[in-house]
Amino acid sequence: MTKAEKDLLNSFDSIIYKIKYEPDIALILGSGLGNFADNIEDKTIIEYKDIPDFPVSTVSGHEGRYIVGKLFDKKIIVMQGRVHYYEGYPMDKVVMPVRLMKLLGAKTLILTNAAGGINESFYPGTLMAIKDHITSFVPSPLIGENPGTLGVRFPDMSTVYDKELIRLLHDISNEMCIELKDGVYLQTTGPNYETPAEINMYKALGADAVGMSTACEAMAANHMGMKIAGISCITNMAAGISKTALNHEEVKETADKISENFSGLVKEFIKRIK
Ligand code: HPA
Numbered sequence: 280m281t282k283a284e285k286d287l288l289n290s291f292d293s294i295i296y297k298i299k300y301e302p303d304i305a306l307i308l309g310s311g312l313g314n315f316a317d318n319i320e321d322k323t324i325i326e327y328k329d330i331p332d333f334p335v336s337t338v339s340g341h342e343g344r345y346i347v348g349k350l351f352d353k354k355i356i357v358m359q360g361r362v363h364y365y366e367g368y369p370m371d372k373v374v375m376p377v378r379l380m381k382l383l384g385a386k387t388l389i390l391t392n393a394a395g396g397i398n399e400s401f402y403p404g405t406l407m408a409i410k411d412h413i414t415s416f417v418p419s420p421l422i423g424e425n426p427g428t429l430g431v432r433f434p435d436m437s438t439v440y441d442k443e444l445i446r447l448l449h450d451i452s453n454e455m456c457i458e459l460k461d462g463v464y465l466q467t468t469g470p471n472y473e474t475p476a477e478i479n480m481y482k483a484l485g486a487d488a489v490g491m492s493t494a495c496e497a498m499a500a501n502h503m504g505m506k507i508a509g510i511s512c513i514t515n516m517a518a519g520i521s522k523t524a525l526n527h528e529e530v531k532e533t534a535d536k537i538s539e540n541f542s543g544l545v546k547e548f549i550k551r552i553k
């Protein structure tokens, strides 16, 4: 058994007896969805710091806990706070929380995040369904010995984001009159924002939005055979496209402003996922 598998099983053993429901849907809350967990009923809260071998988020404003419970008739596990590569954890640790949600039973993963807009038709507050991603600038979370229990050594990544789920997101956003764009998300290591020259390069490579998370989680989840949907909240235009300096406060402010729409969309999405 690999060290990654041992850590995962250790974490699994420490929480499986605490949760009342085997979750079907996993949701990672990015900026702007921090209060989403208030919607969950009959919840069990598990702090990351109480789980052995588990990475703990160090970013201010990012809580670190799982919430397991029910939303509508769906059994759901929510991550309130994620760990980022820039916090210093190796990539396999960064994706461990996602792997654990799959082990606990979740078959569908909904990823949300805040991102910088590269596509000039976007504006701060745009919501974007992730149709594909670029992870070439961060290490793969699948590097190292492959625990065969998780997935195959050389996983296909040609359809990471489920087309039916994207269609459902668009149906819902149309019905709710919430604008939803489609785009390619590019993950950087962070924690620094990008330079204008880097953003030009990412644009030339086909990226519509840039951020410091998510794609590695999607890769690990795809490796394990989960169905994946991703939604980015464009909180700012990326460096150089925006003429002003970027800062985390602006990101949080825009995320808060859009949170009602974002939250409404995700709620209805969960309600209608098969
Ligand atoms: N770059 C990277 N990550 C981000 C940004 C950005 O402009 N905005 C929100 N997260």
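In my numbering, the protein residues as written are 280 to 553. Glycine is no exception: its CB is placed at the ideal position from the N, C-alpha and C atoms.
Does the distance from the CB of residue i to the CB of residue j come in under 8 angstroms?
i, j, result
"residue 419", "residue 498", "yes"
"residue 382", "residue 306", "no"
"residue 389", "residue 478", "no"
"residue 405", "residue 309", "no"
"residue 482", "residue 355", "no"
"residue 299", "residue 317", "no"
"residue 333", "residue 375", "yes"
"residue 335", "residue 345", "no"
"residue 297", "residue 323", "yes"
"residue 457", "residue 508", "no"
"residue 496", "residue 377", "yes"
"residue 511", "residue 464", "yes"
"residue 363", "residue 430", "no"
"residue 493", "residue 417", "no"
"residue 407", "residue 352", "no"
"residue 438", "residue 552", "no"
"residue 459", "residue 448", "yes"
"residue 527", "residue 421", "no"
With a threshold of 7 angstroms (Cβ to nearest heavy atom), would residue i be considered close to the ligand HPA?
i, result
"residue 360", "no"
"residue 467", "yes"
"residue 366", "no"
"residue 479", "no"
"residue 472", "yes"
"residue 313", "no"
"residue 394", "yes"
"residue 509", "no"
"residue 540", "no"
"residue 514", "yes"
"residue 517", "yes"
"residue 525", "yes"
"residue 489", "yes"
"residue 530", "yes"
What whole-angstrom Cβ distance do residue i and residue j have, given they're in contact under 8 angstroms?
i, j, result
"residue 441", "residue 506", "5 angstroms"
"residue 530", "residue 393", "5 angstroms"
"residue 537", "residue 311", "6 angstroms"
"residue 301", "residue 384", "4 angstroms"
"residue 542", "residue 315", "5 angstroms"
Which residue from the options puts its Cα closest to that of residue i?
i, options, result
"residue 330", "363, 295, 306", "295"
"residue 423", "370, 318, 335, 417", "370"
"residue 325", "452, 293, 488", "293"
"residue 280", "425, 377, 480, 353", "425"
"residue 443", "347, 283, 548", "548"
"residue 475", "439, 452, 489, 519", "519"
"residue 285", "459, 385, 496, 379", "379"
"residue 313", "535, 543, 486", "535"
"residue 524", "315, 472, 542, 460", "472"
"residue 399", "349, 488, 319", "488"
"residue 532", "373, 403, 315, 291", "403"
"residue 365", "428, 491, 291", "491"
"residue 319", "350, 342, 539", "350"
"residue 373", "500, 289, 550", "500"
Exercise for the section: Would you check if there are 3 or more beta carbon pairs closer than 8 angstroms linking the stretch 514 to 524 to the stretch 429 to 444? Expected result: In short, these stretches do not touch, since the Cβ pair count stays below three.
Practice task
Determine, using beta-carbon pairs with one atom in the stretch 357 to 370 and one in the stretch 400 to 411, whether at least three such pairs fall under 8 angstroms.
Solution key: Output reads no: the stretch 400 to 411 does not touch the stretch 357 to 370.
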